[in-house]
Amino acid sequence: MSDSISVVQSIDSLKKLMKDADYMDSKSFTGDCTLIHFLDRMLRYEPVWLRWLYIVRSVLAKLMRLEHDEVGHAKAKVNKFDFTPGGKVDFFTSLDFKADEYWVGEAEDKHLSGYVGVVAEVRPSGRTEFHLFTIVHYRNWTGPVYFNLIRPFHHLIVYFMGKHAVAN
1 MSDSISVVQS
11 IDSLKKLMKD
21 ADYMDSKSFT
31 GDCTLIHFLD
41 RMLRYEPVWL
51 RWLYIVRSVL
61 AKLMRLEHDE
71 VGHAKAKVNK
81 FDFTPGGKVD
91 FFTSLDFKAD
101 EYWVGEAEDK
111 HLSGYVGVVA
121 EVRPSGRTEF
131 HLFTIVHYRN
141 WTGPVYFNLI
151 RPFHHLIVYF
161 MGKHAVAN
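Under full-length UniProt numbering, the residue at position 114 of the sequence shown is numbered 114, and the numbers go up by one with no gaps.
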């Protein structure tokens, strides 16, 4: 188990989500910002190539007869995301939030439940290591088919979102 996954697993509410998960990963990014700043920059990251991937994903979802919320453009219009439990954060619903410590969001579809979030860990240097995690639970046979098709792109998107979030 990676150090980053161990940090994520240290949060009680995440232990339940990780139990029996079909997939999980966590990537770490070090920066000098607050959790709210990291989340805001991460969630607003939307270069042209990413919008194109969202369009491709939408076509794939339609071919598989899966429902998906439209992603993109609307988030730029939101002045402030609502990270409190039950609040809407782009196409995620906030499940758990503790300021300057962690945020967990959920997106449910008929084929899978996906959880994404960030755990902030202040290092001895004073910098913060942000552990950006993904947890997936498949609901039926289309879950692993769909997720394995998009998984390589998932890794790219998470990597660049995290890098963007900690950039000055």
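In this text, a Cβ means the ideal position worked out from N, Cα and C, and glycines have one as well.
Check	Outcome
Per the DSSP calculation, M24 is bridged to which residue(s)?	I135
With which residues is S113 paired in a DSSP beta bridge?	E108 and H137
With 16 as the cutoff for other CB atoms within 10 Å, does M64 come out buried or exposed?	exposed
In three-state terms, what does DSSP make of F153?	helix
Go ahead and label H73 buried or exposed: buried means 16 or more other beta carbons lie within 10 angstroms of its beta carbon, across all protein chains shown.	Bear in mind that a pLDDT of 46 at H73, under 50, signals an unreliable position, so the model cannot answer this.
By the DSSP assignment, the beta strand (DSSP E) with S6 in it spans what residues?	S6 -> not in any beta strand (DSSP E); alpha helix (DSSP H) instead, spanning D3 to Q9.
Could you compute how far the alpha carbon of M1 sits from the alpha carbon of L132?	Its pLDDT being 47, under 50, M1 is placed unreliably in this model, and the coordinates cannot settle the point.
Do you know how far the Cα of S94 is from the Cα of D100?	15 Å
Below 7 Å CB to CB, which residues in the same chain sit around L14 once its five sequence neighbours on both sides are set aside?	V8 and V104
First and last residue of the beta strand (DSSP E) that includes S94?	F92 to K98
I need the boundaries of the alpha helix (DSSP H) containing R44, first residue and last residue.	L35 to R44
Are I5 and S26 closer than 7 Å when you measure CB to CB?	yes
Per DSSP, V118 forms a beta bridge with which residues?	W103 and L132
Suppose contacts are defined by Cβ-Cβ distances below 7 Å. Is H164 in contact with Y45 by that definition?	yes
What does a CB cutoff of less than 7 Å around F92 pick up in its chain, not counting 5 residues either side in sequence?	G105, E106, A107 and V116
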